[in-house]
Structure formats: structure tokens, C-alpha cells
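**Student:** One structure, as C-alpha cells, below. Some questions next.
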């Protein structure tokens, strides 16, 4: 893909979406400097495109350039006020900066846009839990996960299911059994 995008760039270097694609491929390959060059070029060519600001924000976030990341995410949100991914990611950056109340507001907003987004709910609940509001944490998360009944111990008890890796062991070939505990 990278080879083909580079060929295309020779014919259309002013195409913002092409610059975005080059940035995305380079980011996936771990080439942050190249990715940043292309993302910045895409933003310059089409400054009103929220996706381009979001992608640049993600890269800044991975590089721990938190203030730059927030600025990019905020521009993405300004361009598309319901950009749930940008709102959610900006919350994570705010939390990393220990601006927990601001992060909680972002998480709440992300959940209001996508009420069944388990990641947004989990982040918001964890944020509230860390701030000592276990009741709010439970309320936030209960619609996304099946929670076990209250227990006297500490913590938030819940059951989660996830898919394992596709390669099955011989023991996994047998009939599934249900654990009643």
C-alpha cells in the first residue's frame, strides 16, 4: 500500500486524503516522523477536516505530546461536535494529565453520543472509581456490562466475556461446558 500511495503522491501531492493515507500507513509501520509529516500536510491542505485533526491527535498522544494532542482533538471536535472517538481519546489524554474532572466530562459526553460504547463507559467508570465515587462508577457501567450483585468486599464485581485467539487447542475442540459458579 505504501508503495502505491507514494506513486500516487507523485501525481497528486496536493490531495489531502492521499497525505492522510500515507500518514496512516507510516503510523501503522511505526514511522512516527513520516506519519507526522503527512498528517500535518493533510491538515494544512484541508484544515476543516476533523478526521485529519483526529489522526494527528492520535499520533501526538502516542508520542506523549499531550498538549498538542488535546489541541488536535479539540479541532476535530470543533469540526464535528459529535466526533465520539476524538472526545473519548481527549478524555484519556486529560486523565493522563491528571485533569480528572475534565476527563469525566469528556467521557460523559462520549457516552451521551454513543450510549452502548463499552470503552467509553469503562473509562468513565474507572475515572469515577479512581476519584472515590464507586456509586457513580457502578451506575455508569451497569448498562454496558452484566454486573454481579453487590458484595461486601471492595471493588466492582463484574463478569466479562472475550474471544481468545483463533488457534484452538485439542482440549478446546470438545463440547463447551457451562460453569454454574
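Numbering (my numbering), first residue to last: 1479 to 1659.
Glycine is no exception: its CB is placed at the ideal position from the N, C-alpha and C atoms.
Treat the numbers as computed from the prediction; the structure is a model and nothing was measured.
Alpha carbon to alpha carbon, how far is residue 1545 from residue 1479?
**Tutor:** On the chain shown, residue 1545 is found 67 positions in, with the first residue counted as 1. On the chain shown, residue 1479 is found 1 positions in, with the first residue counted as 1. Looking at the two C-alpha atoms, the distance is approximately 32 Å.
**Student:** Could you tell me the boundaries of the alpha helix (DSSP H) in which residue 1614 lies?
**Tutor:** Counting from 1 along the chain shown, the entry for residue 1614 is found at position 136. Taken as a continuous stretch (DSSP letters only), the alpha helix (DSSP H) holding residue 1614 covers 1612-1619.
**Student:** Suppose you measure from the CA of residue 1497 to the CA of residue 1587; what does that come to, to the nearest Å?
**Tutor:** Along the chain shown, read from residue 1 onward, the residue named residue 1497 stands at position 19. Along the chain shown, read from residue 1 onward, the residue named residue 1587 stands at position 109. Computed Cα separation, rounded: 30 Å.
**Student:** Could you give the C-beta distance for residue 1569 and residue 1584, rounded to a whole number, given that I count them as a contact under 8 Å?
**Tutor:** Counting from 1 along the chain shown, the entry for residue 1569 is found at position 91. Counting from 1 along the chain shown, the entry for residue 1584 is found at position 106. About 3 Å; that satisfies the 8 Å criterion.
**Student:** In the DSSP assignment, the alpha helix (DSSP H) including residue 1530 goes from what residue to what residue?
**Tutor:** On the chain shown, residue 1530 is found 52 positions in, with the first residue counted as 1. 1528-1540 is the span of the alpha helix (DSSP H), which, as asked, contains residue 1530.
**Student:** Helix, strand or coil: which one does DSSP assign to residue 1592?
**Tutor:** Counted from its first residue, the chain shown places residue 1592 at position 114. In the structure shown, residue 1592 sits in coil (DSSP, three-state: anything other than H, G, I, E or B).
**Student:** Of the choices 1605, 1620, 1521, 1599, whose alpha-carbon is the least far from that of residue 1494?
**Tutor:** Counting from one through the chain shown, the residue named residue 1494 turns up at place 16. Of the candidates 1605, 1620, 1521, 1599, the one whose C-alpha sits nearest the C-alpha of residue 1494 is 1521.
**Student:** Quick check on DSSP: helix, strand or coil for residue 1558?
**Tutor:** The residue you call residue 1558 lines up with position 80 of the chain shown. Coil at residue 1558, not helix or strand.
**Student:** Just curious, the alpha helix (DSSP H) that residue 1524 is in, first and last residue?
**Tutor:** Here residue 1524 refers to the residue found at position 46 of the chain shown. Note, residue 1524: premise wrong, no alpha helix (DSSP H); not H, not E.
**Student:** What's the call for residue 1559, buried or exposed, on a 16-neighbour Cβ count within 10 Å?
**Tutor:** Against the chain shown, residue 1559 aligns to sequence position 81. Exposed, since its Cβ has fewer than 16 Cβ neighbours within 10 Å.
**Student:** Compare the C-alpha of residue 1518 against each of 1531, 1572, 1526 and name the closest.
**Tutor:** On the chain shown, position 40 is the one that residue 1518 refers to. That would be 1531, whose Cα lies nearest to the Cα of residue 1518.
**Student:** Taking buried to mean at least 16 other C-beta atoms within 10 Å of its own C-beta, is residue 1536 buried or exposed?
**Tutor:** Against the chain shown, residue 1536 aligns to sequence position 58. Residue 1536 should be labelled buried.
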